[in-house]
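When we follow numbering that gives the first Met the number 0, the leftmost residue of the sequence shown carries the number 0, and every step to the right adds one.
What follows is a single structure, written as structure tokens, with notes after it.
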Amino acid sequence: MKFESAPTILVVDDEEYICNVIEEALSSEKYSVVTMHDPAKALEYLQDHPVDLVLSDIIMGDLSGEMILEAVLSSQDDAVVIMMTAHPTVQTAISVLKKGAYDFLVKPFKLELLKSTIQRALAHQQVLRDNVRLRGQVEFLKVANAHTSGIDIDSLLQMVVDSCKKELGAIAVGLLEIDPKTGELIRQACAIDQPDLESQVLNLDSLKKFTGTWRPKPVIDGRRIKQSGQALVRIAIYQPIFIRRTLHGVISLIIESHFGQITSGQLDVLSILTNTVASSIANHILYQNLQQSYLEAIRGLANAIEARDKYTSGHTDRVCILAKEVARGMDWDEQQIYDLIMGCTLHDIGKIGVPDSILNKSSVLTQDEMKKMQRHPELGLRIIRGISLFKPAIPYIGSHHERWDGSGYPKQLKGEEIPLEGRLLAVVDTFDAILSDRPYRKAGDINSAVQELLKYRGTQFDPEIVNLFLGLIRRGAIDFKKLYGLDEATVNLDEIIVSEKVSV
Numbered sequence: 000m001k002f003e004s005a006p007t008i009l010v011v012d013d014e015e016y017i018c019n020v021i022e023e024a025l026s027s028e029k030y031s032v033v034t035m036h037d038p039a040k041a042l043e044y045l046q047d048h049p050v051d052l053v054l055s056d057i058i059m060g061d062l063s064g065e066m067i068l069e070a071v072l073s074s075q076d077d078a079v080v081i082m083m084t085a086h087p088t089v090q091t092a093i094s095v096l097k098k099g100a101y102d103f104l105v106k107p108f109k110l111e112l113l114k115s116t117i118q119r120a121l122a123h124q125q126v127l128r129d130n131v132r133l134r135g136q137v138e139f140l141k142v143a144n145a146h147t148s149g150i151d152i153d154s155l156l157q158m159v160v161d162s163c164k165k166e167l168g169a170i171a172v173g174l175l176e177i178d179p180k181t182g183e184l185i186r187q188a189c190a191i192d193q194p195d196l197e198s199q200v201l202n203l204d205s206l207k208k209f210t211g212t213w214r215p216k217p218v219i220d221g222r223r224i225k226q227s228g229q230a231l232v233r234i235a236i237y238q239p240i241f242i243r244r245t246l247h248g249v250i251s252l253i254i255e256s257h258f259g260q261i262t263s264g265q266l267d268v269l270s271i272l273t274n275t276v277a278s279s280i281a282n283h284i285l286y287q288n289l290q291q292s293y294l295e296a297i298r299g300l301a302n303a304i305e306a307r308d309k310y311t312s313g314h315t316d317r318v319c320i321l322a323k324e325v326a327r328g329m330d331w332d333e334q335q336i337y338d339l340i341m342g343c344t345l346h347d348i349g350k351i352g353v354p355d356s357i358l359n360k361s362s363v364l365t366q367d368e369m370k371k372m373q374r375h376p377e378l379g380l381r382i383i384r385g386i387s388l389f390k391p392a393i394p395y396i397g398s399h400h401e402r403w404d405g406s407g408y409p410k411q412l413k414g415e416e417i418p419l420e421g422r423l424l425a426v427v428d429t430f431d432a433i434l435s436d437r438p439y440r441k442a443g444d445i446n447s448a449v450q451e452l453l454k455y456r457g458t459q460f461d462p463e464i465v466n467l468f469l470g471l472i473r474r475g476a477i478d479f480k481k482l483y484g485l486d487e488a489t490v491n492l493d494e495i496i497v498s499e500k501v502s503v
């Protein structure tokens, strides 16, 4: 591992005297100086040792300084090269500068010029290293902005691994989030160049490296490999994700370098992105806990409604389950599913304002009683009005009794004027009602519920949602035994065109 310290300078010149003079001049400048007057040995040295700066002669017998330059640029991450020659030509100067040399000195030169040139070269190198850190901060800002803009947690974690791969030059990055209580995997993300590396960066065993500790320090393993004729070290870095001293996951990276180095700039980038992940996971956990608390409060309201109507016990829970299956068939995201659960749970909250005598009446309702019953969607909207938390429930409460042909209530909306949420709920609400006892009739069977949907498909119900729901039944996606204690009936749906998608 390489941190900021005394810069290492390699001096290569076939004249030993030149090497000695330069070493003596630079030794007082707090540099670590290595000299070599055999260019072949210098090439070998560069394969196994990191350096910050190389000062090389151009003409050195069979091996030229340009070969040293090429070796430095191919084997060193950010070293700078200054070339020297006693036989300068414009063509030579242009050639080495084009190939990547930082500067060009003509022998003989004053030692003060040498020192100032080296200082400028190392300052240039520091700028390059600072740029790495700045890019890391830019990536942090991108991720932080994505977090505050409400991007879902899975997309945000994918953005983090993509940023790690890009900014750290990794060939594989994996991120695992676990349940700290059970150790079970919650979610994962990866970015890889080589498919065979996926199992290495998405390995739960990597978490064992941090058992019994809470310190967020990376573990770095390295092993030497051969690739394209060059000696490389493949480094595996495991960065734990701690939240309040509790392990919540790990970021695993595989990087290939010539010396098994991880620069302080790279570690800074990794630390910044890891802190962002920890913050995002912590906020997501908090958000989930708040959502769960809200849902429990909402279920309390629903239970209060169902307690007044013995025939609708369990109706809300079953409708939620059926509606979630349909929503998944429409590729709804996590937030939409949460809103759906809220809406389905509250859809009949307006029945609080309907008299018990009407709710539990065992005979057909009179016209006046029906009008009072049909007011419950509007009553429900009035109850939640002004409560921003319940805003996502509005389309469920207000439109689940609208009909596709425009003859429903309370607003006589027609077709796609009806919010999609209300159209979805209308189908599953009716289906569950048929399979449940009511004051005025006994529960029907699956066949009769299916026939009801078929009969009113395109008049009462959105035909595409009916088709999608029936497709779920045909594929066995609905557990009727668990929901209703019924064995699945044989339902012939061969003539139905099943839509797997619904336009939203």
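We put the CB at the ideal spot given by N, CA and C, even for glycine.
Quick one: is Asn282 buried, meaning 16 or more other Cβ sit within 10 Å of its Cβ, or exposed?
A residue is called buried when at least 16 other Cβ atoms come within 10 angstroms of its Cβ; Asn282 does not meet this threshold and is exposed.
>> Considering only the alpha carbon of each residue, which of Ala171, Ile177, Lys180 lies closest to Pro194?
In response: Among Ala171, Ile177, Lys180, the Cα nearest to that of Pro194 is on Ala171.
Note to self: Considering only the alpha carbon of each residue, which of Val89, Ile58, Leu52 lies closest to Leu121?
What the structure shows: Among Val89, Ile58, Leu52, the Cα nearest to that of Leu121 is on Leu52.
**Request:** Could you spell out where the beta strand (DSSP E) holding Ser55 opens and where it closes?
**Result:** Looking at the DSSP string, the run of the beta strand (DSSP E) that includes Ser55 is 52-56.
Exposed or buried, what is Glu494 when buried is set at 16 or more other beta-carbons lying within 10 Å of its beta-carbon? Confidence is the limiting factor: at Glu494 the pLDDT is only 48, short of 50, which leaves the residue's position unreliable and the question unanswerable from this model.
### With 16 other Cβ atoms within 10 Å as the buried cut-off, status of Ile177
Buried: at least 16 other Cβ atoms inside 10 Å.
task = Using the Cα positions of Leu453 and His346, report the straight-line distance between them to the nearest angstrom.
result = Going by the C-alpha atoms only, they are around 24 Å apart.
Just checking, does the region 401-414 make contact with the region 427-437 on the three C-beta pairs under 8 Å criterion? Under the three-pair Cβ rule at 8 Å, the region 401-414 does not count as touching the region 427-437.
Supposed close pair Leu110, Leu104 - CB separation, criterion 8 Å | Between the beta-carbon of Leu110 and that of Leu104 there is about 11 Å, and that puts the pair past the 8 Å contact cut.
_Quick check on this structure: which residue in Glu324, Glu416, Gly328, Asp332 has the alpha carbon closest to the alpha carbon of Ile477?_
For the residues Glu324, Glu416, Gly328, Asp332, the minimum Cα distance to Ile477 belongs to Glu324.
Using DSSP bridges, identify the partner residues of Ile219. Answer is Ile236.
Distance, Cα to Cα, Ile67 vs Glu22? Using only the alpha carbons, I get a separation of about 19 Å.
**Asked** Measuring CA to CA, which of Leu246, Ser387, Leu42 is closest to Asp180?
**Response** Reading off the sequence, residue 180 comes out as Lys, not Asp. Nearest C-alpha to Lys180: Leu246.
Practice problem: Have a look at Val50, Met83, Gly60 and flag the residue whose alpha-carbon is nearest the alpha-carbon of Ala70. | Solution: Nearest of Val50, Met83, Gly60 to Ala70, Cα basis: Val50.
| query | Roughly how many angstroms separate the alpha carbons of Phe430 and Asn202, rounded to a whole number? | reply | Rounded to whole angstroms, the separation of the alpha carbons of Asn202 and Phe430 is 45 Å.
**Item:** Span of the beta strand (DSSP E), counted from its first residue to its last, around Gln157
**Value:** No beta strand (DSSP E) contains Gln157, which is instead part of the alpha helix (DSSP H) from 152-167.
Counting only the same chain and skipping the five closest in sequence on each side, list residues whose C-beta sits under 7 Å from that of Arg298. The answer, listed in chain order, is Thr344.
Item to check | Between the CA atoms of Leu62 and Gly228 - distance to the nearest angstrom | outcome: Interpretation of Gly228 is limited by its pLDDT of 47, a score under 50 that renders its predicted location unreliable; the figure taken from the coordinates is listed afterwards. In this structure, the alpha-carbon of Gly228 lies about 19 Å from that of Leu62.
(Q) With the cut-off set at 8 Å, would you say Val32 and Ile57 are in Cβ contact? (A) Between Val32 and Ile57, the CB-CB gap reaches or exceeds 8 Å.
query = Residue range of the beta strand (DSSP E) that Asp102 falls in?
reply = That run of the beta strand (DSSP E) goes 102-105.
| query | Helix or strand or just coil, what does DSSP make of Gln187? | reply | Looking at Gln187 - three-state DSSP - the assignment turns out to be strand.
Within a Cβ cutoff of 8 Å, which residues of the same chain sit near Ala39, ignoring the five residues on either side of it in sequence? Excluding residues within five positions, the ones whose Cβ falls inside 8 Å are Leu62.
* To do: Pull up the CB-CB distance for Tyr101 and Val80, whole angstroms please, since I reckon it's below 8 Å.
  => The C-beta distance from Tyr101 to Val80 rounds to 6 Å, short enough to fall under 8 Å.
Practice prompt. Assign Ala171 to one of three DSSP states: helix, strand, or coil.
Written response: The three-state reading of DSSP puts Ala171 in strand, counting E and B together.
(message) Just to confirm my understanding: we take Ile191, look at its own chain, exclude 5 residues before and 5 after, and list those with CB closer than 6 Å. What are they?
(response) Excluding positions up to five away in sequence, the list reads Ala171, Glu197.
Exercise. Over the uninterrupted alpha helix (DSSP H) stretch that includes Ser27, give me the two end residues.
Key: For Ser27, there is no enclosing alpha helix (DSSP H), as DSSP gives it neither H nor E.
Alpha-carbon spacing of Ile254 relative to Leu42, whole angstroms: Taking the CA atoms as reference points, Ile254 sits about 23 Å from Leu42.
- When you compare only the Cα positions, how much space is there between Thr91 and Val200? Per the coordinates, the alpha-carbon of Thr91 lies some 47 Å from the alpha-carbon of Val200.
With distances taken between CB atoms, is the gap from Leu294 to Met341 smaller than 8 Å? In this structure, Met341 lies closer than 8 Å to Leu294 by Cβ.
| field | One or two residues paired with Glu176 in a DSSP bridge | value | By DSSP's assignment, Glu176 forms a beta bridge with Arg186, Gly248.
Met66, DSSP secondary structure in three states: Assignment of Met66 by DSSP, reduced to helix, strand and coil, places it in the helix class.
Task: Per-residue DSSP class, three states only, for Glu14 - done: Of the three classes helix, strand and coil, the one that applies to Glu14 here is coil, per DSSP.
Worksheet item: Is Leu358 near the ligand NAP, in the sense that its beta carbon is under 7 Å from a heavy atom of that ligand?
Response: Ligands in the displayed structure: none, and consequently the ligand NAP is not present.
Open item on the list: Is the separation between the beta-carbon of His399 and that of Leu424 shorter than 8 Å?
Closed with: Taking the C-beta atoms as reference points, Leu424 is found nearer than 8 Å to His399.
Neighbourhood of Met372 by C-beta, 7 Å cutoff - its chain only, sequence neighbours within 5 removed: Excluding residues within five positions, the ones whose Cβ falls inside 7 Å are Val353, Ile357, Leu364.
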